[in-house]
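If you read the protein sequences in the order shown, they are chains E and D. Residues in the first sequence are numbered consecutively from 1, following my numbering. Residues in the second sequence are numbered consecutively from 1, following my numbering.
Number of protein chains: 2
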Amino acid sequence: MQAYTGTNVSRLPAAAAIVSGGTAAMPRRFDIVTTKLGGAPRNLTKGEELFAEGDAADFFYKVVSGTVRTYKLLSDGRRQIDEFHLSGDIFGLETSHDHRFSAEAVDDATIVAFRRRRFETLAHDDPALGDQVMSSMLCSLERAHDHMMLLGRKTAREKIATFLLNMARRISNDDRFDLPMQRSDIADHLGLTIETVSRTLTQLARDGLIKLAATSRTVVLCDKAALRRLNA
Amino acid sequence: MQAYTGTNVSRLPAAAAIVSGGTAAMPRRFDIVTTKLGGAPRNLTKGEELFAEGDAADFFYKVVSGTVRTYKLLSDGRRQIDEFHLSGDIFGLETSHDHRFSAEAVDDATIVAFRRRRFETLAHDDPALGDQVMSSMLCSLERAHDHMMLLGRKTAREKIATFLLNMARRISNDDRFDLPMQRSDIADHLGLTIETVSRTLTQLARDGLIKLAATSRTVVLCDKAALRRLNA
DNA sequence: CGCAGAGTTGATTATACTCAAATCCAGTGG
DNA sequence: CCACTGGATTTGAGTATAATCAACTCTGCG
């Protein structure tokens with residue numbers, strides 16, 4: 001927990017191991033920690049379910065590549081996607097015994113699973129490990145709160161603008177990027193319908209704020225200033 | 001962090017002190033811990049601001065009595081109330097140096113402030129203390145996620161039903177309770193307008209699911225089963 | 001080439017918003 | 001005790017934003 005302990009996450013070996021996933025390029029001890037936590041890479045095919053709401057939360061996960069969506073369903077099938085987890089993101093760590101979300105691969109993705117019990121044991125010996133996860137959760141909380149503002153008070157145009165700016169920042173440093181998810185995912189994330197998502201994107205393109213490639217998954221942000229004005 | 005460490009919060013002395021606020025009825029050591037954390041009771045009058053978005057987050061708080069709202073504003077004044085904090089709730093603990101919310105008293109309220117820095121020091125010696133706050137944050141995260149579903153995918157009628165059931169549970173064990181906040185607060189919490197809140201409450205009363213007293217702050221849940229059906 | 005899934009576009013509608021006015025209520029002062 | 005005031009709430013009328021229903025287009029792929 002970066003701010004709470006005053007420690008810098010980047011200086012914490014255990015934390016760094018979780019964040020990076022313990023690649024071959026890293027010092028030996030980082031790999032040991034990762035291995036201890038039981039990081040076993042797993043490939044998911046597009047649409048594959050990783051866990052469902054109510055499943056035992058024995059593991060939590062880190063995205064190595066690809067994208068994972070976590071979501072909740074209402075009894076009649078309405079869906080709210082709370083977050084898209086991109087490469088490097090940690091997700092699925094729960095307060096309770098069960099998962100409160102379902103998780104599926106948005107596209108073909110690779111994830112690493114960490115055994116929660118083992119992590120808990122280690123965290124007691126190494127507070128820095130707990131700090132790191134705490135930090136991750138606090139980021140999640142922060143994004144959740146911003147997203148509440150979006151869902152509760154922003155217009156469709158503002159929602160799309162905010163979404164595009166966030167994805168641009170997370171996916172690439174460039175203003176050109178490929179959205180990994182389809183329109184229905186965006187809709188269920190922003191509290192809209194696919195038609196409204198499509199229309200709004202078209203409208204933003206018509207107004208010159210963005211460009212949509214033929215495949216329509218590729219987006220170019222042309223007028224970030226205007227998008228930012230819509231963002232708040 | 002209850003689930004994460006596997007420890008039961010109720011068995012943790014430091015945690016218990018934070019939760020309870022260290023009343024006179026509690027064993028001496030609890031009071032000592034609370035005092036160490038710098039709990040200085042403070043009275044807030046209706047509408048008084050406790051802190052604003054962007055203020056330094058040197059303290060966090062626990063509600064002793066009354067109700068506090070935390071919220072964010074868009075540049076044009078649109079407001080999203082993320083949570084109403086009732087007696088016993090902890091709020092205002094941040095990941096960053098600054099508060100990401102503003103906080104105001106909904107009615108006359110009493111709160112206890114805890115110095116964050118001091119808490120951090122103690123948390124390092126006593127992991128249980130950190131666990132407790134972690135647990136508090138995870139509850140907050142859980143509620144935030146449920147609230148995203150509400151904001152993104154529920155109808156006005158469903159939002160109000162969910163809100164009433166939640167408030168009933170939190171305020172009293174009874175089906176009759178007084179709402180501490182006014183319609184505009186409810187509206188900004190549920191992503192509605194005051195008119196829609198009012199109309200929806202009237203409609204629910206007309207349909208016999210609830211009763212509204214003359215003062216219209218007092219609510220009676222008549223048909224909880226029907227309300228629950230609207231809830232999910 | 002045709003099919004299926006994804007995405008776009010169009011027409012219409014519904015839900016919730018906006019603007020406006022009336023009512024209710026607590027508090028205040030004559 | 002009662003009229004007056006101002007804030008909160010309710011109610012009404014009309015509207016707008018986004019949803020719904022439906023058709024059509026595009027793209028990738030067997």
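Every residue gets a Cβ at the ideal spot worked out from N, C-alpha and C, and that includes glycine. The structure displayed is predicted, hence computed values, not measured ones.
Cβ of residue i within 9 Å of any chain D Cβ
i	result
H147 of chain E	yes
S65 of chain E	no
F177 of chain E	no
Q80 of chain E	yes
K72 of chain E	yes
A214 of chain E	no
S198 of chain E	no
H124 of chain E	yes
According to DSSP, residues forming a beta bridge with residue i
i	result
E104 of chain D	D:E49 and D:R69
I186 of chain E	Answer is none; I186 of chain E lacks a bridge partner.
R176 of chain D	D:V220
V112 of chain D	D:P41 and D:K62
F163 of chain E	Looking at the DSSP assignment, F163 of chain E forms no beta bridge with any residue, so it has no partner.
I90 of chain D	D:K62
I210 of chain E	E:L221
Cutoff 9 Å: residue i Cβ touching any chain E Cβ
i	result
L165 of chain D	no
T95 of chain D	yes
A226 of chain D	no
S172 of chain D	no
A232 of chain D	yes
E274 of chain D	The shown model of chain D, from 1 to 232, leaves out residue 274 of chain D, and the question about it has no answer.
I102 of chain D	This sequence places Ser at residue 102 of chain D; Ile is not what is there. No, S102 of chain D does not count as interfacial toward chain E.
M191 of chain D	Note that residue 191 of chain D is Gly in the sequence shown, not Met. Yes, its Cβ sits closer than 9 Å to a Cβ of chain E.
Per-residue DSSP class, three states only, for residue i
i	result
R79 of chain E	strand
T215 of chain D	coil
K62 of chain E	strand
D146 of chain D	helix
H85 of chain D	strand
A128 of chain D	helix
L44 of chain D	strand
T193 of chain D	coil
A57 of chain E	coil
A226 of chain D	helix
Rounded straight-line distance, which links the Cα of residue j to that of residue i
i	j	result
P127 of chain D	M148 of chain D	31 Å
R29 of chain D	D131 of chain E	Unreliable positioning characterises R29 of chain D in this predicted model, as indicated by a pLDDT of 38, which lies under 50. The coordinate reading is nonetheless provided below. Spanning the two alpha carbons is a distance of roughly 27 Å.
T70 of chain E	R217 of chain E	20 Å
L164 of chain E	E195 of chain E	17 Å
S198 of chain D	I210 of chain D	13 Å
A17 of chain D	G54 of chain E	Only weak support exists for where A17 of chain D lies, its pLDDT of 39 falling under 50; the coordinates are left without a value.
R229 of chain D	R78 of chain E	15 Å
L151 of chain E	A40 of chain E	36 Å
D185 of chain E	A214 of chain D	45 Å
N173 of chain D	N43 of chain D	26 Å
L138 of chain D	M134 of chain E	10 Å
K72 of chain E	E158 of chain D	16 Å
G208 of chain D	C222 of chain D	7 Å
E48 of chain E	R118 of chain E	26 Å
L86 of chain E	L50 of chain E	15 Å
V68 of chain D	F114 of chain D	16 Å
Under 9 Å between C-beta atoms of residue i and residue j
i	j	result
L93 of chain D	R116 of chain D	yes
A103 of chain D	V64 of chain D	no
L190 of chain D	V219 of chain D	no
K224 of chain E	D146 of chain E	no
E83 of chain E	R169 of chain E	no
A57 of chain D	D89 of chain D	no
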